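First comes the structure, then the notes that go with it.
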Amino acid sequence: MCGIIGYTGSANAIPKITKGLSVLEYRGYDSVGIAARTELGVKTVKCKGRIGALEERLTQQKLSESQCAIGHTRWATHGGPSDTNAHPHRAGRVVLVHNGIIENYKELKEMLSRAKVSFLSETDTEVAAAVLNAAYDACNDPLTAIRTATAQMTGSYAFGILFDDHPGEVWAIRSGSPLILAKGEDGFYLASDMTALLPFTREYHILKEGEIARLTATEAALCGAADAWCSPTWSITSMTPESAQKSGFEHFMLKEIHEQPEAIVKSVSPRIKNGLPSFEADGISSDFWKQVKNIQIVACGSATHAGLVGGSVLERVAKVPAASYIASEYRYHPPIAVDGTLVVVISQSGETADTLAALRYAKSAGLPTLAIVNAVETTIAREADYRVYTYAGPEIAVATTKGYCTQVSVLYMIAAAIAHACGRISDEEARELVRSVAEDAPTAITEMLEKTETLREMSKRLAQKDHVFYIGRGLDYAMSQEAALKLKEISYIHAEAYAAGELKHGTISLIEQDTPVLAISTEEALYDKTESNVREVRSRGAYVILICRQDARDPGHSADEVILLPTKSEAATLFASLTAVQLLAYETAALRGCDIDRPRNLAKSVTVE
Ligand code: AGP
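In our numbering, the protein residues as written are 1 to 609.
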């Protein structure tokens, strides 16, 4: 959840590092720093705050030129945001930046303190630097020191390292946290992810677990477990600098909401063969789907909510039990290995520590695993037995939209694939389901986007409130949970989702005059029951915004405002309701002047447990 970047080469490193850090801020932004090689040695400038604060410090401290530097933007874990706790951290002849958590840092700190090592900060990272420096003092060799030091650490790390007496060299190693190398025209880079380097190059190499990298101005070298040095294999990313920019939108989140129609088409089309669902391109045969008798869906946050929606579709369409689990809870469940169980983990970033831990737990229990991931070649994608990528492209806003949307679209396709492989739906029914996701969903989203002004007006009702409730039944209850999370994480309004039938069992006591209640009611069979819940809350003063199908019976009768949805197919209705709640959250947060792309306290990829 922190951002790391490094550069060594013939160009000036300082502007490269600061530009890269500004892109990486979405990974964490409560403090920031840079360590740069100068003729007087490695100089460190760091501070609480964002990249603008660092640039002021760099000017004050006259650090404007260097050809070798590392930088870091932080999401605090150990020790609050402060100048002292900001990275980089120095210990002796070593300066490093870190993404991850050293879980045994207290024991290491006690051991070093007994050896009279003193510490300035509260961070686990400074301890890691001290461990590395102690190993370096004992051998005076960076490679040996890195191996010795990391062998003492448990937890997750991606390190960028400078050694005082190795000018021009940047060293790196990772375990459990992402780190990539990149080759530019004027030198070599390392970074937490590719978006930071798109302004400079598109050639990258994903550092493998435990692999050590040494970068100089003219060479990148890798050292694996056998201590044999080799050169990286460079790949060309499909991302472009534009794809990491806002393309004229005020926020990345709004851009990414508008990208959803295209993202669905990109995610679904590779899984259609002659109009039928096919995952052969993902290395998954229809025989594989025939063996699936039980699905455990495991994820965090919005990905969990996608799993709730997808699980409902899997159970109704594929007739397969599909329970959803919060990843941080799943790993404490005794593994229930029902024959034919498939564990499906969902992650936009592919690096979420809780989801990765749950994946490893499922694998240790001997369960087959399938990952639905957006960021390619990430740890979760690589470690799962099977992977199905959502081709949504880079998602920069902390609040996921197209990531979630494409996860649901892929789950629809998996449900169709299982149902068709098992003969539970005909070719014609399978083609209709595929068509509805591939065609109706993008169209429905586009049509809802055209209602943005109406939704902006509605959001005025929410923007002044401290509490908002979302209610729904079945699929709509699952959608309510994503709707509530979107609103609270970017507008800071307390928003909760409730099963509509549950309100009378306690929650309804919270309803006061003008309390906003958004009732999502797209399931025809449940419409009347949800309408009675709407009447319950309205009779107690609630202001109800009803999100329902355009053919619903007299929707205005029981609501203060209505958002009408297309009825061409379930997929059309569902993805339109998703777009509506995303836009309501966005417009509400905009009215409240919130930092929509980088909400307080959050990070895009939570790579700590
Ligand atoms: C959603 O808007 C949040 N950013 C968060 O809940 C996120 O979905 C969760 O942290 C999981 O992230 P992942 O999909 O990258 O694993």
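For every residue, glycine included, the Cβ atom is placed at its ideal position computed from N, Cα and C. Quick caveat: nothing in here was measured; it's all calculated off a predicted structure.
Endpoints, beta strand (DSSP E) assigned at K106: Your numbering for residue 106 matches position 106 in the sequence shown. In this chain, K106 is not harboured by any beta strand (DSSP E); it is covered by the alpha helix (DSSP H) spanning Y105 to R114.
Y96 Cβ short of 7 Å to the ligand AGP heavy atom set: For this step, residue 96 is matched to residue 96 along the sequence shown. Per the sequence shown, the amino acid found at residue 96 is Leu instead of Tyr. Every heavy atom of the ligand AGP is 7 Å or more from the Cβ of L96, so no.
Cα-Cα separation, S577 to P599: As a working note, residue 577 is residue 577 in the sequence shown. As a working note, residue 599 is residue 599 in the sequence shown. Taking the straight line from one Cα to the other gives about 23 Å.
Cβ shell of K488 (< 7 Å), same chain only, five flanking positions each side left out: Counted from its first residue, the sequence shown places residue 488 at position 488. Shown here for K488: same chain residues with a beta carbon closer than 7 Å to its own, the five before and five after excluded, namely H494 and A495 in chain order.
Distance, G301 Cα to A281 Cα: Against the sequence shown, residue 281 aligns to sequence position 281. Against the sequence shown, residue 301 aligns to sequence position 301. In a straight line, the C-alpha of A281 is about 28 Å away from that of G301.
Simplified DSSP assignment, three categories, for I425: Position 425 of the sequence shown, counted from the start, is the residue given in the question as residue 425. I425 falls in the coil class under three-state DSSP.
C-beta contact flag for A483 and A463 at 8 Å: If you number the sequence shown from 1, residue 483 lands on position 483. If you number the sequence shown from 1, residue 463 lands on position 463. Cβ atoms of A483 and A463: not closer than 8 Å.
Boundaries (first-last residue) of the alpha helix (DSSP H) holding I146: Taking the first residue of the sequence shown as 1, we reach residue 146 at position 146. For I146, the enclosing alpha helix (DSSP H) has its first and last residue at P142 to A151.
Status (buried if at least 16 other CB within 10 Å, exposed otherwise) for Q481: Within the sequence shown, residue 481 is the residue found at index 481, counting from 1. The residue is buried, with at least 16 neighbouring Cβ atoms inside 10 Å.
Euclidean distance between Cα positions of P516 and R535: The residue labelled residue 516 in the question sits at position 516 within the sequence shown. The residue labelled residue 535 in the question sits at position 535 within the sequence shown. Looking at the two C-alpha atoms, the distance is approximately 13 Å.
Local Cβ density within 10 Å of Q60, reported as buried at 16 or more and exposed below that: Position 60 of the sequence shown holds residue 60. Taking a 10 Å sphere around the C-beta of Q60, we find fewer than 16 other C-beta atoms and assign the residue as exposed.
Inter-stretch contact at 8 Å, needing at least 3 Cβ pairs: the region 552-561 / the region 414-430: Output reads no: the region 414-430 does not touch the region 552-561.
Enclosing alpha helix (DSSP H) for Y477 [first to last residue]: The count along the sequence shown starts at 1 and reaches residue 477 at position 477. L475 to S491 is the span of the alpha helix (DSSP H), which, as asked, contains Y477.
Close Cβ partners of A358 (< 6 Å) along its chain, the five nearest in sequence each way excluded: In the sequence shown, residue 358 corresponds to position 358, counting from 1. Excluding its 5 nearest sequence neighbours in each direction, A358 has C-beta neighbours in its own chain below 6 Å: V298, A327, Y330 and R331, listed in chain order.
Alpha helix (DSSP H) segment containing T443, residue limits: In the sequence shown, counting from the first residue as 1, residue 443 sits at position 443. Start and end: A441 to L449.
Near the ligand AGP: T355 beta-carbon under 7 Å from a heavy atom: For the purposes of this step, residue 355 is taken as residue 355 along the sequence shown, with counting starting at 1. Result yes, Cβ under 7 Å from the ligand AGP.
Y157: first and last residue of the uninterrupted beta strand (DSSP E) it sits in: For this step, residue 157 is matched to residue 157 along the sequence shown. Taken as a continuous stretch (DSSP letters only), the beta strand (DSSP E) holding Y157 covers G155 to F163.
Under the three-state DSSP convention, the category P270 falls into: For the purposes of this step, residue 270 is taken as the residue at position 270 of the sequence shown. If DSSP states are grouped into helix, strand and coil, P270 belongs with the helices.
Runs of beta strand (DSSP E) lying entirely within the region 307-333, each at least 3 residues, in chain order: The region 307-333 contains these whole beta strand (DSSP E) runs: 322-326.
Beta-carbon contacts of V313 that lie in its chain and below 7 Å, excluding the five residues immediately before and after: The residue labelled residue 313 in the question sits at position 313 within the sequence shown. Correct list, in chain order: L411, Y412 and A415.
The region 174-182 contacting the region 195-209, beta-carbon criterion three pairs below 8 Å: With a cut-off of 8 Å, the region 195-209 and the region 174-182 count as touching, because enough Cβ pairs lie within range.
Unbroken alpha helix (DSSP H) run spanning T613, endpoints: Since the first residue of the chain shown is 1 and the last is 609, residue 613 is not available in this structure.
Residues that DSSP places opposite G33 in a beta bridge: Within the sequence shown, the letter at position 33 stands for residue 33. Checking the DSSP bridge columns, you'll see G33 partnered with K46 and H72.
Nearest-angstrom Cα separation, counted from L198 out to F249: The sequence position of residue 249 within the sequence shown is 249, counting from 1. The sequence position of residue 198 within the sequence shown is 198, counting from 1. Going by the C-alpha atoms only, they are around 19 Å apart.
Classification of N133 by the beta-carbon crowding that lies within 10 angstroms, buried from 16 upward: Looking up residue 133 in the sequence shown gives position 133. With 16 or more Cβ atoms within 10 Å of its Cβ, N133 is classed as buried.
Segments assigned beta strand (DSSP E), at least 3 residues, entirely inside the region 192-256: Annotation: the region 192-256 contains the following complete segments of the beta strand (DSSP E) (minimum length 3 residues), in chain order: 203-206, 212-215 and 220-223.
E489 Cβ short of 7 Å to the ligand AGP heavy atom set: Position 489 of the sequence shown, counted from the start, is the residue given in the question as residue 489. The ligand AGP approaches E489 closely enough that one of its heavy atoms is under 7 Å from the residue's Cβ.
Inter-residue Cα distance where the pair is A36 and I14: Here residue 36 refers to the residue found at position 36 when the sequence shown is read from its first residue. Here residue 14 refers to the residue found at position 14 when the sequence shown is read from its first residue. Spanning the two alpha carbons is a distance of roughly 8 Å.
Own chain residues within Cβ distance below 7 Å of I445, not counting five before or after: Position 445 of the sequence shown, counted from the first residue, corresponds to residue 445. If the five residues before and after I445 are omitted, its C-beta is found closer than 7 Å to the C-beta atoms of Q260, P261, F575, A576 and T579, all from its own chain and listed in chain order.
Sub-8 Å separation of Y189 and Y7 beta-carbons: Counting from one through the sequence shown, the residue named residue 189 turns up at place 189. Counting from one through the sequence shown, the residue named residue 7 turns up at place 7. The answer is yes: Cβ separation under 8 Å.
Boundaries of the alpha helix (DSSP H) in which N294 is found, first to last residue: As a first step, residue 294 is located in the sequence shown; it is residue number 294 there, counting from the start. Careful: N294 lies outside any alpha helix (DSSP H), inside the beta strand (DSSP E) at N294 to A299.
Given T44 as reference, the closest of S64, A430 and G28 once Cα atoms are compared: To locate residue 44, count along the sequence shown from 1; it is residue 44. Among S64, A430 and G28, the Cα nearest to that of T44 is on S64.
Pairwise C-alpha distance: A392 and S459: One-based indexing of the sequence shown puts residue 459 at position 459. One-based indexing of the sequence shown puts residue 392 at position 392. In this structure, the alpha-carbon of S459 lies about 27 Å from that of A392.
Cβ shell of A322 (< 7 Å), same chain only, five flanking positions each side left out: Translated into the one-based positions of the sequence shown, residue 322 becomes position 322. Excluding the 5 residues flanking it on each side, A322 has same chain C-beta neighbours closer than 7 Å at I295, I297, G311, L314 and E315, in chain order.
Limits of the unbroken alpha helix (DSSP H) element including A357: In the sequence shown, the residue the question calls residue 357 occupies position 357. Note, A357: alpha helix (DSSP H), A353 to S364.
beta-carbon S605 near the ligand AGP non-hydrogen atom, thresh 7 Å: Numbered from its first residue, the sequence shown carries residue 605 at position 605. In terms of side-chain proximity, the C-beta atom of S605 is found nearer than 7 Å to a non-hydrogen atom of the ligand AGP.
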